[in-house]
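In the numbering used here, the protein residues as written are 380 to 605. Cβ coordinates follow ideal geometry from the N, Cα and C atoms, glycine included.
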């Protein structure tokens, strides 16, 4: 699943040259759900950086603790919680990595899943808006997960879907056909992602030390085909 994110300062202007940025991106070494994240969505036909609470809270949700922070790609178009947002309100969450925990005989070992070249990632998400009165509103989001590829499946069964920068506009466009969207929600190519073990101090969501994201062992990665 995707319960923690690693989001250092990222060169978003280089990643998406047409991105509108009116605010400072949210960063953090060990970001957990139930807090704000930066997201990219389409506004007036242009991608723009905004913020949303990590945990989808549609207007009819009664208990905040029930707000899902992830949505499974396989059922996203049919579940009432997600289908309206998936059809019309998709977003991207820029990040550099996702923490996962590999089962071990005595204790789970945390790993940080990143691009093999340590570059930025655009994670697929969806968002919704809850109006608290005529002018005030609350935005929230959930990440969309897909099965982990065969390289990373020993560490975790699911990971957020990664959208290539060249396909970002297609993902954000509300006019994109559902079949095209589902084609983007597939496990990442084996050569794209890698993972390395990190300190167990990341187990504490309150720990924001830089060491949380430092490797304590070699990267698991697939050799390039080149």
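* Is the number of C-beta pairs between the segment 545-554 and the segment 585-594 that are closer than 8 Å three or more? -> no
* At which residues does the alpha helix (DSSP H) containing residue 463 begin and terminate? -> In the chain shown, the residue the question calls residue 463 occupies position 84. Segment 462-467, the alpha helix (DSSP H) holding residue 463.
* To do: Within its chain, find whatever has a CB closer than 8 Å to the CB of residue 414; leave out the 5 residues flanking it on each side and keep chain order.
  => Numbered from its first residue, the chain shown carries residue 414 at position 35. The answer, listed in chain order, is 432 and 433.
* Drop a sphere of 10 angstroms on the beta-carbon of residue 565, count the other beta-carbons inside from all chains shown, and report buried for 16 or more, exposed for fewer. => By 1-based counting over the chain shown, the position of residue 565 is 186. The residue is exposed, with fewer than 16 neighbouring Cβ atoms inside 10 Å.
* Where the beta strand (DSSP E) containing residue 520 begins and where it ends -> Along the chain shown, read from residue 1 onward, the residue named residue 520 stands at position 141. 516-526 is the span of the beta strand (DSSP E), which, as asked, contains residue 520.
* **For residue 422, three-class secondary structure by DSSP** => One-based indexing of the chain shown puts residue 422 at position 43. Residue 422: strand per DSSP, three-state reduction.
* **residue 586, DSSP secondary structure in three states** => Walking along the chain shown from the start, residue 586 turns up at place 207. Here residue 586 sits in coil by DSSP.
* To do: Please state whether DSSP places residue 504 in a helix, a strand or coil.
  => The residue given as residue 504 occupies position 125 in the chain shown. Three-state DSSP puts residue 504 in a strand.
* **Integer-rounded CB distance, given that residue 538 should sit under 8 Å from residue 381** => If you number the chain shown from 1, residue 381 lands on position 2. If you number the chain shown from 1, residue 538 lands on position 159. Indeed they touch by this definition, with Cβ atoms about 7 Å apart.
* DSSP state of residue 494, grouped into three classes? -> Position 115 of the chain shown, counted from the first residue, corresponds to residue 494. Three-state DSSP puts residue 494 in a strand.
* Asked: Where does residue 431 sit, in a helix, a strand or coil, going by DSSP?
  -> Here the question's residue 431 lines up with position 52 in the chain shown. Residue 431: strand per DSSP, three-state reduction.
* Between the beta-carbon of residue 500 and the beta-carbon of residue 494, is there less than 8 Å? -> Along the chain shown, read from residue 1 onward, the residue named residue 500 stands at position 121. Along the chain shown, read from residue 1 onward, the residue named residue 494 stands at position 115. The answer is yes: Cβ separation under 8 Å.
* Tell me where the beta strand (DSSP E) around residue 450 begins and ends. => Counting from 1 along the chain shown, the entry for residue 450 is found at position 71. That run of the beta strand (DSSP E) goes 449-451.
* Asked: Based on the DSSP output, what are the partners of residue 407 in its beta bridges?
  -> Against the chain shown, residue 407 aligns to sequence position 28. Note: residue 407 sits in a beta bridge opposite 386.
* Over the uninterrupted alpha helix (DSSP H) stretch that includes residue 608, give me the two end residues. => The displayed coordinates of the chain run from 380 to 605. Any statement about residue 608 would go beyond what the structure contains.
* Check whether the Cβ atoms of residue 599 and residue 575 sit closer than 8 Å, and answer yes or no. => What you label residue 599 is simply residue 220 of the chain shown in a count that begins at 1. What you label residue 575 is simply residue 196 of the chain shown in a count that begins at 1. Yes, the pair counts as a contact, with Cβ atoms nearer than the cut-off.
* Asked: What is the rounded straight-line gap between the Cα of residue 573 and the Cα of residue 525?
  -> Along the chain shown, one-based indexing puts residue 573 at 194. Along the chain shown, one-based indexing puts residue 525 at 146. Near 16 Å, if we compare the C-alpha coordinates of residue 525 and residue 573.
* **Contacting residues, own chain, Cβ-Cβ under 6 Å from residue 594 (five flanking each side not counted)** => Residue 594 sits at position 215 when you count from the first residue of the chain shown. Here the set comprises 575.
* Residue range of the unbroken alpha helix (DSSP H) whose run includes residue 394 -> Looking up residue 394 in the chain shown gives position 15. Note, residue 394: alpha helix (DSSP H), 391-394.
* Rounded straight-line distance, which links the Cα of residue 528 to that of residue 490 -> As a working note, residue 490 is residue 111 in the chain shown. As a working note, residue 528 is residue 149 in the chain shown. Cα-Cα distance, rounded: 15 Å.
* Considering residue 573, what are the terminal residues of the beta strand (DSSP E) in which it resides? -> Translated into the one-based positions of the chain shown, residue 573 becomes position 194. Here the beta strand (DSSP E) through residue 573 covers 572-576.
* Asked: Since residue 476 is in the beta strand (DSSP E), which residue starts that stretch and which ends it?
  -> In the chain shown, the residue the question calls residue 476 occupies position 97. Residues 476-481.
* To do: Measure the CB-CB distance between residue 542 and residue 455 and report whether it falls below 8 Å.
  => As a position in the chain shown, residue 542 is number 163, starting the count at 1. As a position in the chain shown, residue 455 is number 76, starting the count at 1. Not closer than 8 Å, so no.
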